[in-house]
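As structure tokens, the structure follows; a few thoughts come after it.
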Amino acid sequence: MKKILFAIIAAAALTGCHKDDSEPTGKAGRTVLIYMAAENNLGYEQELGSGIDRYANDDILEIKEGMKTIGNNHLVVYVDKPRDPEEAYRDPVPHMLHFWNGELRDSIPMEESLTSDPAVFEKVLRKAYSDYPAESYGLVLWGHSTGWIISNDSVTYTAMGRKKAYGGDTGNDTYHSAGKTWMNIPSMAKVLSRLPQHLTFIFADCCNFMCLESLYELRRTTDYYIGSPAEIPAVGGPYATLVPSFFEPMTLVGGVPQFAKSIVDKYYAQRAGGYDLPLSVVKASEMDQLASATRTALLTFGDKIKNGVDGSDHEGYPDMRELIYYYYHPFYRQQFYDANDFMLRYAETADYKAWKAVLDRAVVYKKMATRWMTDKRWISYYNDFEMTEEKFGGVSMFVPVFVAMYTENKTIQQMSWYYAAGYNEIGW
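First residue of the sequence shown? That's 339 in our numbering, and the numbers climb one at a time after it.
What follows is the structure in structure tokens.
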């Protein structure tokens with residue numbers, strides 16, 4: 339059935355789909371761009387003995403369903419995915435789909451390029467802004483992500499290496515891996531800062547995005563971030579119900595924008611594949627204050643750890659055992675620790691209370707999970723840590739740990755958070 343439905347959508351995309359001759363005039367209420375970086379195993383994946391997954395195709399079908407009730411708003415979907423081996427699933431790639439007033443209006447062919455290239459990212463965003471003007475704008479980052487991880491270049495080229503960030507483009511219309519090229523978060527921030535109007539929200543339908551390092555880097559580009567500090571299931575969000583949420587009012591309900599709460603609630607309720615998923619909404623304007631409060635607390639207890647007086651694990655690094663973490667890799671230490679759990683363990687009581695007050699102003703909404711999937715294993719299943727409401731902060735934070743040739747202890751120095759939060763002042 340999905341094959342038939344997608345063939346219908348693909349055919350409509352080639353010709354444009356219009357129920358009548360009306361065209362949008364003037365500014366819409368909101369324009370949301372879904373930047374679908376799917377030229378990787380999210381676009382097409384064939385696993386031995388488990389069939390074929392076409393996550394991008396499935397989500398386009400869900401988007402088509404979700405667009406039926408969005409009214410005078412624009413949804414723009416930039417799609418870059420591998421050319422599927424089966425003819426029935428093929429369509430022009432890359433291309434840009436435009437939905438308005440509940441209809442698929444157009445499909446615009448785009449030149450072959452890397453979604454992880456900041457120049458391509460900017461070109462697509464500017465086209466969405468210029469062609470579909472609106473009172474407010476939102477961005478959905480669809481694809482792979484590894485949080486803040488950074489290299490020296492604006493685009494990271496990697497095969498099996500660990501330096502990654504957002505996108506994961508294999509290039510050459512292929513799909514055999516998570517990707518060879520990635521966009522650094524500082525590069526993303528530079529692009530977004532040049533847009534004619536900043537974003538109302540960034541919704542990250544990708545892994546590990548809700549880390550303080552990335553959020554601080556992007557703090558001047560949006561009002562709110564929405565996503566998970568953990569890895570998310572490959573099926574991603576339930577777009578049939580999420581799309582209407584993108585266009586809900588910005589009215590605050592208990593200090594939380596209505597659209598943001600709706601996105602989190604619908605994503606959380608999905609429990610795709612039986613997974614739980616921690617989620618949060620963060621207010622960007624509080625990130626400077628949170629960095630300052632973090633610096634105050636770190637400067638108080640950081641020297642004790644460096645000097646082995648309190649909590650030293652090895653060579654002056656903190657003992658992170660039994661703390662909440664959001665990513666697991668069998669060959670490396672975890673690098674996405676829950677920020678609140680870390681500060682709760684190490685900060686002085688007064689400093690923690692002051693810091694937590696700022697965190698609560700920044701993280702305006704969150705949903706806790708006690709069990710989720712990472713690197714093909716269940717987090718919490720092995721009792722590495724205990725997840726509780728007291729410990730759960732909704733955002734992660736990099737903490738240096740001792741591992742031979744652990745490059746992230748150095749590359750973190752390229753992120754603005756490293757200096758704003760005082761890491762450099764205690765020699766981390």
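No residue lacks a Cβ here, since even glycine has one placed at the ideal position from N, Cα and C. If you're wondering where the values come from, they're calculated on a predicted model, not measured in any experiment.
- The beta carbon of Lys-729 lies closer than 7 Å to those of Ile-662, Asp-676, Asn-678, Asp-679, Leu-682 in the same chain, with the five residues before and after it left out.
- Taking the Cα of Gly-517 as reference, the smallest distance to any Cα among Ser-454, Tyr-554, Gly-565 is reached at Ser-454.
- Residue pairing by DSSP places Tyr-675 opposite Tyr-663, Met-735 in a beta bridge.
- Distances from the alpha-carbon of Ile-523 to those of Ile-540, Thr-538, Ile-488 put Ile-488 closest.
- Under the three-state reduction of DSSP output, Thr-560 falls in the strand class.
- Beta-bridge annotation (DSSP): Ser-525 is not paired with any residue.
- Ranked by Cα distance from Val-581, the options Ser-600, Thr-484, Met-588, Pro-595 are led by Ser-600.
- Spanning the alpha carbons of Ala-622 and Glu-424 requires a straight line of approximately 43 Å.
- Apart from the 5 residues on each side of it in sequence, Asp-397 sits with its Cβ closer than 7 Å to the Cβ of Gly-574, Tyr-577 in its chain, given in chain order.
- Following the DSSP letters along the chain, one finds Ser-445 inside the beta strand (DSSP E) bounded by residues 441 to 447.
- For Lys-419, there is no enclosing beta strand (DSSP E), as DSSP gives it neither H nor E.
- A Cβ-Cβ contact shorter than 8 Å links Tyr-563 with Val-620.
- Residue Asn-546 holds the alpha-carbon nearest to the alpha-carbon of Gln-673 among Ser-451, Arg-464, Glu-449, Asn-546.
- Classified as buried, Leu-617 has 16 or more neighbouring CB atoms from the shown chains inside 10 Å of its CB.
- The three-state reading of DSSP puts Val-619 in strand, counting E and B together.
- Put simply, the backbone Cα of Thr-538 is about 19 Å away from that of Trp-438.
- With respect to the 8 Å criterion, Val-733 and Val-701 are classified as neighbours on the basis of their beta carbons.
- Distance between Ile-570 and Gln-627, taken at the CA atoms: about 28 Å.
- With at least 16 other beta carbons inside 10 angstroms of its own, Lys-502 counts as buried.
- Residue pairing by DSSP places Ser-474 opposite Arg-368 in a beta bridge.
- Taking the Cα positions, Ser-468 is about 52 Å away from Ile-643.
- Asp-418 is positioned such that its CB atom lies closer than 8 Å to that of Ala-375.
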